[in-house]
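Report on the structure given below.
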Amino acid sequence: MRGLFSFIAELNIMLIDWNNFTPWTALAGGALIGVASALFVLFNGRIAGITGILGGLLRPKIRDIGWRLAFILGLIAAPLVWQFFAPLPAIQIDSGNTLLAIAGLIVGISTRYGSGCTSGHGVCGISRLSPRSIVATLAFMGTGFLTVYIVRHILGA
Amino acid sequence: MKKHLSNINALLFSLLAGLIFGIGLILAGMANPAKVLAFLDLAGLWDPSLGLVMGGAIAVGLIAFTIAKKRNLSYLGFSIQLPTNRVIDRRLVLGSLAFGIGWGLVGICPAPAFVLLGVGGIKATIFVIAMVVGMGIYELLESCGKSNNK
Chain A
662 MRGLFSFIAE LNIMLIDWNN FTPWTALAGG ALIGVASALF VLFNGRIAGI TGILGGLLRP
722 KIRDIGWRLA FILGLIAAPL VWQFFAPLPA IQIDSGNTLL AIAGLIVGIS TRYGSGCTSG
782 HGVCGISRLS PRSIVATLAF MGTGFLTVYI VRHILGA
Chain B
6 MKKHLSNINA LLFSLLAGLI FGIGLILAGM ANPAKVLAFL DLAGLWDPSL GLVMGGAIAV
66 GLIAFTIAKK RNLSYLGFSI QLPTNRVIDR RLVLGSLAFG IGWGLVGICP APAFVLLGVG
126 GIKATIFVIA MVVGMGIYEL LESCGKSNNK
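Those protein sequences? They're chains A and B, same order as listed.
One point on numbering: in the numbering used here, the residue at position 121 of the first sequence is 782, and numbering is uninterrupted.
One point on numbering: in the numbering used here, the residue at position 33 of the second sequence is 38, and numbering is uninterrupted.
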């Protein structure tokens with residue numbers, strides 16, 4: 662794996678941050694995310710897309726509230742369960758409160774408008790080989806890269 | 006009669022799936038916004054790790070969804086509901102483009118937002134509240150749009 666990235670680096674177009682590169686925990690963590698999505702679809706029959714699960718709570722059908730809340734509670738409980746066994750890894754939010762509020766609003770409106778986010782389109786959608794999700798993922802990855810480029814390298818924030 | 010997801014087993018599997026999903030996010034580094042931004046910063050000192058998160062998730066997901074597509078009922082007897090819409094429309098593209106902007110501004114997307122909420126702190130709380138308000142605004146706009154079209 663290192664060979665491939667070294668090759669890209671030798672083309673002198675990218676600088677790789679080897680000190681913070683964590684391929685194995687990234688792959689293992691990704692596999693766990695896949696396992697969670699697999700459990701969800703094979704046992705409960707639903708897509709593990711957080712936008713849809715959360716958004717559905719705002720159009721409440723009484724009998725659907727429980728499983729939606731349970732999934733979200735599981736996410737919230739994850740760091741607490743983790744801490745039973747090991748200290749949490751570094752978690753760092755550098756953004757200011759105003760920017761967090763603006764970004765949160767954008768994420769909330771746009772993920773519902775586009776019918777999904779990194780989990781529903783990026784993981785489950787691509788795993789289903791859905792053309793819609795492949796397009797969506799390319800779109801948000803593209804503007805994600807572009808936004809960071811503009812903020813860090815043009816605005817210099 | 007069809008089984009409904011309000012069943013206690015469905016609630017337990019939802020909780021378990023959410024928990025495993027969240028632990029995966031923490032292990033992968035996706036719950037650390039600084040690492041997400043380092044992945045999105047191609048022109049800076051680039052940390053490619055998070056590309057592998059998606060790779061690991063999709064490798065497992067491909068197997069699961071190949072099985073799911075062949076079944077009508079889940080292992081617990083619930084109907085398997087997969088999206089049927091195949092039209093690539095303006096909503097999908099514009100929504101996803103805008104989502105990338107919000108994601109790129111702070112490095113937080115919806116699932117890690119809830120993991121961060123569990124870690125605690127005012128910043129995660131602000132993001133989650135704003136995100137839920139955003140989804141509420143979407144619902145309002147949708148219901149206005151629908152009543153205008155009548």
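Beta carbons are placed, not taken as given, at the ideal position from N, Cα and C, and that holds for glycine.
When the five nearest sequence neighbours on each side are left out, the beta carbons in the same chain lying within less than 8 Å of the beta carbon of Gly-49/B are those of Ala-43, in order along the chain. Neighbours of Gly-34/B across chain A, judged by C-beta separation under 8 Å: Thr-683, Thr-686, Ala-687, Gly-690, Pro-750.
Rounded to the nearest whole angstrom, the CA to CA distance from Leu-32/B to Gln-744/A is 12 Å. Taking the C-beta atoms as reference points, Ala-764/A is found no nearer than 8 Å to Ile-134/B. Here the alpha carbons of Gly-691/A and Ile-127/B stand approximately 27 Å from one another.
By the criterion of a C-beta distance shorter than 8 Å, Ile-787/A is surrounded in its chain by Ser-794, Ile-795, Thr-798, once the five residues flanking it on both sides are discounted. DSSP places Leu-676/A in the strand class (E or B) of the three-state scheme. For Leu-816/A, no CB of chain B lies under 8 Å from its own CB, so it is not counted at the interface with that chain. For the stretch 735-748 of chain A, the set of positions with a beta-carbon nearer than 8 Å to some beta-carbon of chain B reads Gly-735, Leu-736, Ile-737, Ala-738, Ala-739, Pro-740, Leu-741, Val-742, Trp-743 in chain order.
Comparing alpha-carbon positions, the option among Ala-800/A, Ser-698/A, Asn-680/A lying closest to Trp-108/B turns out to be Ala-800/A. A Cβ-Cβ contact shorter than 8 Å links Leu-97/B with Gly-775/A. DSSP places Ser-84/B within a strand segment (E or B) once states are collapsed to three. Nearest neighbour of Leu-17/B by Cα position, chosen from Ile-142/B, Gly-125/B, Leu-81/B, Ala-129/B, turns out to be Leu-81/B. The CB of Pro-792/A comes closer than 7 Å to the CB of Arg-91, Ile-93 in chain B, given here in chain order. In this structure Thr-779/A is buried. Its beta-carbon is surrounded by 16 or more other beta-carbon atoms within 10 angstroms.
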